[in-house]
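**Q**
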Amino acid sequence: MNKHLNRLLPMLQWSLLVAFSSVSFANTPPTTNPLLPKISLNYGYLDQASIQDSGGKFSNYSYDFLVQNALGYFGYTQWDLDWYDVDQLPFGNGQDQPINHLHKVSFGGKMAKSLSKKARWINVLGASSAYEVEMDDSYSVNLRSFVLYQYRSDVSLMAGAMYNYHPVRSRLYPVLGLAYRAKAKQGFSAVIGFPRLFVAYGLTERWKVSSGISYRQFMAKLSDDSAIEQQGYAELQSWKGDVMLSYQSGHHWGVDVFGHYSADYRFAFYNRQGHRQDQYEVQPTWGGGLKVRYQF
Numbered sequence: 012m013n014k015h016l017n018r019l020l021p022m023l024q025w026s027l028l029v030a031f032s033s034v035s036f037a038n039t040p041p042t043t044n045p046l047l048p049k050i051s052l053n054y055g056y057l058d059q060a061s062i063q064d065s066g067g068k069f070s071n072y073s074y075d076f077l078v079q080n081a082l083g084y085f086g087y088t089q090w091d092l093d094w095y096d097v098d099q100l101p102f103g104n105g106q107d108q109p110i111n112h113l114h115k116v117s118f119g120g121k122m123a124k125s126l127s128k129k130a131r132w133i134n135v136l137g138a139s140s141a142y143e144v145e146m147d148d149s150y151s152v153n154l155r156s157f158v159l160y161q162y163r164s165d166v167s168l169m170a171g172a173m174y175n176y177h178p179v180r181s182r183l184y185p186v187l188g189l190a191y192r193a194k195a196k197q198g199f200s201a202v203i204g205f206p207r208l209f210v211a212y213g214l215t216e217r218w219k220v221s222s223g224i225s226y227r228q229f230m231a232k233l234s235d236d237s238a239i240e241q242q243g244y245a246e247l248q249s250w251k252g253d254v255m256l257s258y259q260s261g262h263h264w265g266v267d268v269f270g271h272y273s274a275d276y277r278f279a280f281y282n283r284q285g286h287r288q289d290q291y292e293v294q295p296t297w298g299g300g301l302k303v304r305y306q307f
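Residue numbering for the sequence shown follows the numbering used here, starting at 12 and increasing by one per position.
1) What residue from Met122, Gln197, Leu159, Tyr291 has the CA that sits closest to arginine 131's CA?
2) Could you compute how far the alpha carbon of lysine 194 sits from the alpha carbon of serine 200?
3) Just grab the DSSP bridge partners of leucine 256 for me.
4) Within this structure, are the beta carbons of leucine 113 and glutamate 145 separated by less than 8 Å?
5) Can you find a C-beta in chain B that's less than 8 Å from the C-beta of serine 221?
6) Is it true that the CB of glycine 55 sits closer than 8 Å to the CB of tyrosine 84?
7) Determine contact between the segment 42 to 53 and the segment 275 to 294, defined as no fewer than three beta-carbon pairs at a distance below 8 Å.
8) Going by DSSP, name the residue or residues bridged to aspartate 289.
9) Between which two residues does the beta strand (DSSP E) harbouring arginine 131 extend?
10) Serine 140: beta carbon under 7 Å from a heavy atom of the ligand ATP?
11) How many angstroms separate the CA atom of leucine 82 from the CA atom of arginine 180?
12) Taking the alpha-carbon of tryptophan 90 as reference, which of Gln99, Gln161, Tyr74, Asn104 has the nearest alpha-carbon?
13) Are the segment 97 to 107 and the segment 59 to 69 touching by the rule of at least three beta carbon pairs closer than 8 Å?
14) Sorted by chain position, which residues of the same chain lie with C-beta nearer than 7 Å to glutamine 288's C-beta, five sequence neighbours on each side aside?
15) Just the Cα atoms here: how many angstroms apart are valine 116 and glycine 137?
16) Could you work out which residue in Ser260, Ala123, Leu92 is closest to glutamine 321 when comparing CA atoms only?
17) With DSSP as the reference, label leucine 99 as helix, strand or coil.
18) Between Arg217, Ser260, Leu214, Ser249, which lies nearest to methionine 230 when the distance is taken from Cα to Cα?
19) Can you check DSSP and say which residues form a bridge with tyrosine 74?
20) For glutamine 284, tell me which candidate among Leu189, His177, Asn80 has the shortest Cα-Cα distance.
21) Provide the residue(s) that pair with histidine 114 in DSSP beta bridges, ordered along the chain.
22) Grouping DSSP H, G and I as helix and E and B as strand, with all else coil, what is alanine 81?
23) Can you give me the Cβ contacts of tyrosine 226 inside the same chain, cut-off strictly under 6 Å, excluding the 5 residues immediately before and after it?
24) May I have the straight-line CA-CA distance separating valine 254 from tryptophan 297, to the nearest angstrom?
25) Would histidine 271 and glutamine 306 qualify as a contact pair, given that the criterion is a beta-carbon distance under 8 Å?
26) Considering Cα atoms alone, identify which of Lys232, Gln242, Gly299 is closest to serine 140.
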């Protein structure tokens, strides 16, 4: 418990600062200026879980920072991995922690074009670098392009594609979705699609509960002297279900507290030439976290 509190304390201090600073804006009317940035900080963790067919275990702590507006975004993510019974892990040298930290830096631009009174074409072009220590050969480029169609006043449809180029493994995903009252503050709302599906219920204008399923994948460059694959790569894929309680204080700031269950979590390792060596499944486990949002 103390370990979680020590990791979470800096973020709690920041959230209290945001809450205090928002008092001076209490009488400021909500703004609709799309150029004003929105900042979010996210802390999450997964409890200890066993690695497939071994006695080794690991736990995962993540820290996300994201600033964005209608024109672009910049984000940074750090994963801290703790390993247990290292000598029983099916990878590494049996003595050292296989991976201590992973980092990801991402940035990109957004463009939206009106096709008709009911349809908009939205494009997001970005670049990122995910790595353990050295950033060489860790870069990827991604493009999301889709059409958002206002089918009814409370129903929107979305269709398109998302392509991620990486020198080891590129991926093409569909972007499909249906949104029902997605921005409603009270009552039922839902978004059905990929890579995230969720349903929510607004208890009041400030309090909301939600539950969803999401998919996440990324490829990171391992260190040049990695005990797993020198100058190789690690790919992490996960499916998670979550339950969230959200509080929105006026227009400017909000807080989300969530618990999640990792039903499918996998590691895959690649050598420096980009050939996959092994893949390992992680036993299902639970976790939770906190997210703080501030809209200028």
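Beta carbons are placed, not taken as given, at the ideal position from N, Cα and C, and that holds for glycine.
**A** According to the data block:
1) Leu159
2) 8 Å
3) Val220, Val268
4) no
5) Of the chains in the structure shown, none is chain B; there is only one protein chain.
6) Taking 8 Å as the Cβ cut-off, tyrosine 84 and glycine 55 do not qualify as a contacting pair.
7) no
8) Phe280
9) 130 to 142
10) With respect to the ligand ATP, the structure shown offers nothing to examine, as it has no ligands at all.
11) 28 Å
12) Tyr74
13) Cβ pair count under 8 Å is three or more, so yes.
14) Glu240, Phe280, Tyr281, Asn282
15) 11 Å
16) Here the chain comprises residues numbered 12 to 307, so residue 321 is not present and cannot be evaluated.
17) Here the sequence assigns glutamine to residue 99, which means leucine is not the residue at that position. Here glutamine 99 sits in helix by DSSP.
18) Ser249
19) Tyr54, Gln89
20) Nearest to glutamine 284 by alpha-carbon distance, out of Leu189, His177, Asn80, is His177.
21) Gln89, Tyr142
22) coil
23) Cβ-Cβ distances below 6 Å link tyrosine 226 to Pro206, Trp250 in the same chain, with the five nearest sequence neighbours on each side left out; the list follows chain order.
24) 11 Å
25) no
26) Here the closest residue by C-alpha is Lys232.
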